[in-house]
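The opening position of the sequence shown corresponds to residue 468 in the working numbering, with each subsequent residue numbered one higher. All C-beta atoms, glycine included, are put in the ideal place defined by N, C-alpha and C. Note that the structure is predicted; figures quoted are calculated from it, not measured.
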Amino acid sequence: MYAAFSTGLKEAYGKLPLSGIPRITRPRRRPNQENLGGFTVVDPGGNWLRIFPAKDTAPADEPTGPLARALANAVVQGETRGETVQAIRILDTNLAKPGASREERVEALVYRAELALRVDDRQRADAIVAELRELGAEVPAELV
């Protein structure tokens, strides 16, 4: 379903809108939705449409590392409550701490770059993209 929404938005706007209205978020697990992966579309009227698989889908495992838990918390703040600035604070605080796995760091950095774009901080998003490349991570096209 995400592919259909993102394709339609790219056709209508020439790119995938990650900031402003309308916008779409990339699918990610949400601890306040039984850890199911979903995405949000904010339509031109400002309505938030949250899309998740059916409840009979097996939920994903709970995040275990500190950065993974912080990311889950940031997703709740940024995607469910619309508190982008709070999500940024959570991630910035936890990304500064050592000890996360590469996988956890990459996932948190991708979301942090999306948040940077949401608040029109292209310079920060570009710095995060550079860090993702240093880590040898695949950078989502919409961040470049």
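Measure the C-alpha to C-alpha separation of T492 and L485 and round it to an integer number of angstroms.
Residue 492 sits at position 25 when you count from the first residue of the sequence shown. Residue 485 sits at position 18 when you count from the first residue of the sequence shown. Near 6 Å, if we compare the C-alpha coordinates of L485 and T492.
Identified DSSP bridge partners for R490:
In the sequence shown, the residue the question calls residue 490 occupies position 23. In DSSP, R490 forms a bridge with V509.
Given this structure, state the Cα-to-Cα distance separating Q553 from T474, to the nearest angstrom.
In the sequence shown, residue 553 corresponds to position 86, counting from 1. In the sequence shown, residue 474 corresponds to position 7, counting from 1. Approximately 29 Å, taken between the alpha carbons.
Rounded separation between Y578 and P511 - CA only:
Taking the sequence shown and counting its residues from 1, the one referred to as residue 578 is at position 111. Taking the sequence shown and counting its residues from 1, the one referred to as residue 511 is at position 44. Each residue's Cα considered, the two are about 23 Å apart.
Contact belief for F506 with Y469 at Cβ below 8 Å, rounded distance in angstroms
For the purposes of this step, residue 506 is taken as the residue at position 39 of the sequence shown. For the purposes of this step, residue 469 is taken as the residue at position 2 of the sequence shown. Contact holds; Cβ gap of about 5 Å.
Starting from R495, trace the alpha helix (DSSP H) in both directions and tell me its first and last residue.
The sequence position of residue 495 within the sequence shown is 28, counting from 1. No alpha helix (DSSP H) contains R495, which is instead part of the beta strand (DSSP E) from R495 to R497.
Rounded C-beta distance between L534 and N561? I'm assuming under 8 Å.
Mapped onto the sequence shown, residue 534 falls at position 67. Mapped onto the sequence shown, residue 561 falls at position 94. With 8 Å as the limit, L534 and N561 qualify as a contact, their Cβ atoms being about 5 Å apart.
With DSSP collapsed to three states, give me the class of G603.
Taking the first residue of the sequence shown as position 1, residue 603 is located at position 136. In the structure shown, G603 sits in coil (DSSP, three-state: anything other than H, G, I, E or B).
Using DSSP bridges, identify the partner residues of L516.
As a working mapping, residue 516 is identified with position 49 in the sequence shown. Beta-bridge pairing links L516 to V508.
To the nearest angstrom, report how far apart E478 and P494 are at their CA atoms.
Counting from one through the sequence shown, the residue named residue 478 turns up at place 11. Counting from one through the sequence shown, the residue named residue 494 turns up at place 27. The straight-line gap from Cα to Cα measures roughly 19 Å.
Let me make sure I understand the geometry here. Which of E546, A592 and E598 has the alpha-carbon closest to that of V611?
The count along the sequence shown starts at 1 and reaches residue 611 at position 144. Out of E546, A592 and E598, A592 has the C-alpha closest to the C-alpha of V611.
Quick check: what's the CA-CA separation for V509 versus L558?
Numbered from 1 along the sequence shown, position 42 holds the residue referred to as residue 509. Numbered from 1 along the sequence shown, position 91 holds the residue referred to as residue 558. If you take the alpha carbons of V509 and L558, they lie about 22 Å apart.
Please classify G487: is it buried, with 16 or more other beta-carbons within 10 angstroms of its beta-carbon, or exposed?
For the purposes of this step, residue 487 is taken as the residue at position 20 of the sequence shown. Result: exposed.
Rank Q544, V596 and T551 by C-alpha distance to the C-alpha of E574 and give the top, closest one.
As a working note, residue 574 is residue 107 in the sequence shown. With distances taken between Cα atoms, E574 lies closest to V596.
When you compare only the Cα positions, how much space is there between W515 and G566?
Position 48 of the sequence shown, counting from 1, holds the residue named residue 515. Position 99 of the sequence shown, counting from 1, holds the residue named residue 566. In a straight line, the C-alpha of W515 is about 35 Å away from that of G566.
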